[in-house]
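In what follows, a structure is listed as structure tokens, so that the remarks can point back to it.
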Amino acid sequence: MTMITKDGHLRLPAPIRHRIGLRTGDRVLLAAKVDQQTLTVYPPAVLDVLLAGDLP
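As structure tokens, then:
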């Protein structure tokens with residue numbers, strides 16, 4: 001289950017973290033689509049690619 005801790009941190013289950021290559025303590029970018037009720041988690045590796053301009 002995904003949850004917000006009392007300190008305001010987003011807690012993701014280990015299988016999700018492993019699937020997207022996150023380690024405990026990594027910072028992420030969260031993007032919500034309220035109308036679709038989705039939350040996208042962008043891990044550091046994806047942000048590196050986005051900021052480097054390597055995506056089409």
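Residue 12 in this note's numbering is what sits at position 12 of the sequence shown, and the numbering runs on without skipping anything.
Note that the Cβ used here is the ideal one computed from N, Cα and C, for glycine as well.
Please read all numbers here as calculations on a predicted model, not as lab measurements.
Alpha-carbon to alpha-carbon, residue j and residue i
{"i": "Gly-21", "j": "Thr-5", "result": "21 Å"}
{"i": "Leu-10", "j": "Thr-38", "result": "15 Å"}
{"i": "Asp-26", "j": "Tyr-42", "result": "11 Å"}
{"i": "Leu-50", "j": "Leu-29", "result": "12 Å"}
{"i": "Pro-13", "j": "Val-46", "result": "19 Å"}
{"i": "Met-3", "j": "Ala-52", "result": "31 Å"}
Where residue i sits in the DSSP three-state scheme
{"i": "Val-28", "result": "coil"}
{"i": "Ile-16", "result": "helix"}
{"i": "Leu-10", "result": "strand"}
Sequence-distant residues of the same chain with beta carbon closer than 8 Å to residue i, five excluded per side
{"i": "Ala-32", "result": "Thr-38, Leu-39 and Thr-40"}
{"i": "Thr-24", "result": "Arg-17"}
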